[in-house]
Amino acid sequence: MNDPSPAATSKTPDERGRFGEFGGRYVPETLTRALDELDAAYREARVDLEFQAELESLLHHYVGRPSPLYHAQRLSEKCGGAQIWLKREDLNHTGAHKINNTLGQALLTVRMGKKRVIAETGAGQHGVATATACARFGLPCVVYMGEEDIRRQAPNVFSMKLLGAEVRPVTTGSRTLRDAINDAMRDWMSSVEDTHYILGSVVGPHPFPMIVRDFQSVIGREARRQSLEQMGRLPNLVVACVGGGSNAAGMFYPFVDDPNVEMVGVEAGGRSGEPGQHASPLTYGSPGVLHGSYSYVMQDDDGQTCDVHSVSAGLDYPGVGPEHSYWKDTGRVHYTSCRDLQALDGFDALASLEGILPALESSHAIAKAMELAAQRPPSDTIVVCLSGRGDKDAAEIARLKQERE
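Quick look at the structure:
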């Protein structure tokens, strides 16, 4: 009989960047020095009261934090069970949670004396947030984006350019987020002396998963405090969508040491459970190395990364942050998936019942929360991370609805 998995703790990662067996650093030697420099700069910054005060001021006066915790009463009545509350990250400046991380990393860029920023983006929200932060600090910015995602997210591409960023199309592979990260990594290897790579999710080599989680954990800290203030107790269940997993990591992390709070991460179930038809590495994948980190990955028998699919460009990724893999194997977070059509139904429900257009990424979490709420008593509470707003997806949703008819 195997030993039971150890209980999850918030005291991660260790000094090697490991979350249990996951995480670490699998990179060419040319990046080791830059990652060591970033690790040292971040460890100094997070205990520097002046740095933290500047970031907190930006989050309050520039981003508009704290974001509201909203009781979705009509959506809850529709489900006929638990009460659904929404953590409104869609109301942040630039319309998504991504700005929390990009402002923090832009401050680090200035602190390290770097003169240029690169980034990758899938749904475009991280690209817009990075372009915004770079405009705020006067930093030149290049954003790598797959051609397929450029097609799906034209409004965000236009916004990035208006904000002064250069958007470089990626034409290799599946022309989505995975390939954009590959090209951003290649750029960074040749420009580390003067360039910082603002990675947009809790993926990549150490210390990126820790840094991005920490900057995004403002979501969960606020949600925890607001739950106590508005409900008088902690929620029974917390739900968030998971692609790379930054909004979910930020939402879940402050609740890890609250054993009575259940957590559910919702991956992109795509069209079906067949390989290539979904983007659910925690549901169907196996441990492997992708983009410099050891985590659950969609891969074939030879260890080659598989193509994936999601109706949402932001979830269309074959890997996941290593801390999510740690939470999965310790049983602290339960991971499931939501199909494309269910997500579109979740989008319609929130739009028609609450007057809120959720991002397609967030629609996966909404749809699963509705399903779970119906199975629970009205006395239970569910907090959902509404990670972004859906106006960026309007044209794509119109096309998908036409196909569905």
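For any residue, its number in the numbering used here is found by taking its place in the sequence shown, counting from 1, and adding 3. Each residue gets a CB set at the ideal place from its N, CA and C atoms; glycine is no exception. Keep in mind that this is a model prediction, so the values were computed, not measured.
- Ranking Y29, A372, P257, S366 by CA distance to the CA of A397 puts S366 first.
- The Cβ-Cβ distance between I87 and T198 does not fall below 7 Å.
- Residues V242, A243, C244, V269, V387, C388 of the same chain have their beta carbon placed closer than 7 Å to that of A368, with the five preceding and five following residues left out of the count.
- Taking a C-beta distance under 7 Å as the contact criterion, Q345 and A370 qualify as a contact pair.
- Taking a cut-off of 8 Å on C-beta distances, the stretch 158-170 does not touch the stretch 180-196, as fewer than three cross pairs fall below it.
- L78 carries a helical assignment under DSSP once its states are collapsed to helix, strand and coil.
- Under DSSP, V145 shares a beta bridge with I121, E169.
- In summary, R335 is buried, with 16 or more beta-carbon neighbours lying within 10 Å of its beta-carbon over all protein chains present.
- A direct Cα-Cα distance of roughly 39 Å separates S289 from K118.
- Annotation: the continuous alpha helix (DSSP H) that includes V221 extends over 221-233.
- Counting along the chain, no alpha helix (DSSP H) covers P31, and no H or E run does either.
- The shortest CA-to-CA distance from D351 to any of D305, K404, Q302, S382 is the one to K404.
- Nearest to R224 by alpha-carbon distance, out of N103, R46, A354, E408, is N103.
- Restricting attention to P321, V160, P381, the CA atom closest to the CA of V206 is found in P321.
- If only uninterrupted beta strand (DSSP E) runs of at least 3 residues are considered, those enclosed by the stretch 349-406 are 384-389.
- Going by C-alpha positions, D319 is about 16 Å away from S390.
- In this structure the stretch 225-240 touches the stretch 74-91; the number of beta carbon pairs closer than 8 Å is three or more.
- In the three-state reduction of the DSSP assignment, V241 falls in the strand class, which pools E and B.
- Between F140 and V113 a beta carbon distance of about 6 Å is seen, short of the 8 Å cut, so the two are scored as contacting.
- Within the same chain, and ignoring the five residues on either side of R28 in sequence, the residues whose Cβ sits closer than 7 Å to its Cβ are G20, L38, P208, H209, G295.
- In this structure, DSSP gives E265 an extended state, which the three-state scheme calls strand.
- Secondary structure of S70 (DSSP, three-state): coil.
- With fewer than 16 other Cβ atoms inside 10 Å of its own Cβ, E406 counts as exposed.
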